[in-house]
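Enquirer: In the working numbering, the protein residues as written are 43 to 316. Glycine residues also receive a C-beta, built at the ideal position from the N, C-alpha and C atoms. Source: prediction; values computed, not measured. Below is a structure I'd like to ask you about.
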């Protein structure tokens, strides 16, 4: 895919991620720019931008170029902006978002296309985010393992993770119901056509077609592949940086190594087409 005439892109690791320079995504974009960003996202899995001074309205406008915005099933947005997911950690935090490898909200029947995170308060050091290519993880498997996983489905639910988080934060969620769904273990990306692994430690409970012990062993093996640095890139945030990742192509992990310092941002989540 060629972007040289529209986007100034530079790859940041062999398997995942590209930095996009010389574009102001806080302002209205042309159709050619949006199309180029869509193609680049499908190829690289995550796009990084710097010096982007989003407010809630401009962040939502940018997200809506790529689809309808979702409302998080567990965490409410600020008044007037239900589509905004606050991201915050400080000296009073008992838990922060994204401390394990995951794909956002995979527990829903139609999981999100992508997530757009803007960070505007950062600690002096730390607070990086890791991204791993789900396509590279699939490609690393033997042909026999790939064939074995084809056609299998896994059960995803938000119940375990969200109730754990809420308990840590002292939130009573006994009256809530969280989404759940079955998804293929091997997902074919709707834009790139690339196959990838679509299970994660936050939301995946079991592979439906396997006995419990086999399912647990296979899932733990696949999770260990995402933890392999070979398939990752590490993003060091700056103030007003933005990361836009494709939840069908990557998993990510937010490193909470900055306690008791403060890290604050906001995220919008883009729905996939039905």
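When the Cα atoms are used, what is the spatial distance from residue 50 to residue 67?
Expert: 13 angstroms
Enquirer: Looking at C-alpha atoms only, which residue of 117, 293 and 219 is the closest neighbour of residue 309?
Expert: 117
Enquirer: Within a Cβ cutoff of 7 angstroms, which residues of the same chain sit near residue 292, ignoring the five residues on either side of it in sequence?
Expert: 58, 87, 88, 173, 174, 175 and 176
Enquirer: My output table needs one value for residue 76: the three-state DSSP class, helix, strand or coil.
Expert: Residue state for residue 76 is assigned as helix, using DSSP reduced to three classes.
Enquirer: Which parts of the region 200 to 285 are runs of the beta strand (DSSP E), unbroken and 3 residues or longer, counting only runs that do not cross its ends?
Expert: 222 to 226, 228 to 230, 237 to 239, 246 to 249 and 274 to 277
Enquirer: For residue 212, decide whether its Cβ has a neighbour in chain D, counting only Cβ atoms nearer than 9 angstroms.
Expert: The structure shown has no chain D; it contains just one protein chain.
Enquirer: Can you give me the C-alpha to C-alpha distance between residue 54 and residue 256, rounded to a whole angstrom?
Expert: Distance between the alpha carbons of residue 54 and residue 256: 36 angstroms.
Enquirer: Determine whether the beta carbon atoms of residue 262 and residue 195 lie at a separation below 9 angstroms.
Expert: No, the Cβ-Cβ distance between residue 262 and residue 195 is not below 9 angstroms.
Enquirer: State whether the region 283 to 303 contacts the region 141 to 148, with contact taken as three or more CB pairs (one from each stretch) at a distance under 8 angstroms.
Expert: yes
Enquirer: Just to confirm the assignment, what range does the beta strand (DSSP E) spanning residue 128 have?
Expert: 127 to 131
Enquirer: Given that a residue counts as buried once 16 or more other Cβ atoms are within 10 Å of its Cβ, and exposed if not, what is residue 56?
Expert: exposed
Enquirer: By the DSSP assignment, the alpha helix (DSSP H) with residue 186 in it spans what residues?
Expert: 185 to 191
Enquirer: Quick one, which of 155, 191 and 90 has its alpha-carbon nearest residue 106's?
Expert: 155
Enquirer: Would you tell me roughly how many angstroms separate the C-alpha atoms of residue 131 and residue 302, rounded to the nearest one?
Expert: 8 angstroms
Enquirer: Starting from residue 293, follow the beta strand (DSSP E) in both directions and report where the run begins and ends.
Expert: 292 to 296
Enquirer: Just to confirm the assignment, what range does the alpha helix (DSSP H) spanning residue 173 have?
Expert: Careful: residue 173 lies outside any alpha helix (DSSP H), inside the beta strand (DSSP E) at 171 to 175.
Enquirer: Leaving out the 5 sequence neighbours to the left and right, which residues in its chain are closer than 6 angstroms to residue 92 when beta-carbon positions are compared?
Expert: Excluding sequence neighbours, residue 92 sits near 280 and 283.
Enquirer: Give me whichever residues DSSP pairs with residue 53 in a beta bridge.
Expert: 60
Enquirer: Which class does residue 119 belong to by DSSP, given the choice of helix, strand or coil?
Expert: coil
Enquirer: For the region 158 to 174 against the region 190 to 208, are there 3 or more C-beta pairs whose distance is under 8 angstroms?
Expert: no
Enquirer: Taking all protein chains shown into account, decide if residue 206 is buried (16 or more other Cβ within 10 angstroms of its Cβ) or exposed.
Expert: Looking at its Cβ environment, which holds fewer than 16 other Cβ atoms inside 10 Å, residue 206 is exposed.
Enquirer: Helix, strand or coil: which one does DSSP assign to residue 317?
Expert: As displayed, the chain neither begins before 43 nor continues past 316, which places residue 317 out of reach and without an answer.
Enquirer: Starting from residue 105, trace the beta strand (DSSP E) both ways and give me its first and last residue.
Expert: Taken as a continuous stretch (DSSP letters only), residue 105 belongs to no beta strand (DSSP E), being part of the alpha helix (DSSP H) at 98 to 106.
Enquirer: Below 8 angstroms on the Cβ atoms is my guess for residue 165 versus residue 290; work out the distance and round it to an integer in Å.
Expert: Not quite, the Cβ-Cβ distance comes to about 31 angstroms (not below 8 angstroms), so this is no contact.
Enquirer: What is the DSSP secondary structure of residue 111, reduced to helix, strand or coil?
Expert: strand
Enquirer: Using only the alpha-carbon positions, how far apart do residue 202 and residue 273 sit?
Expert: Their backbone Cα atoms lie some 27 angstroms apart in a straight line.
Enquirer: Can you check DSSP and say which residues form a bridge with residue 197?
Expert: 224 and 248
Enquirer: Starting from residue 142, trace the beta strand (DSSP E) in both directions and tell me its first and last residue.
Expert: Neither: residue 142 is in no beta strand (DSSP E) and is coded neither H nor E.
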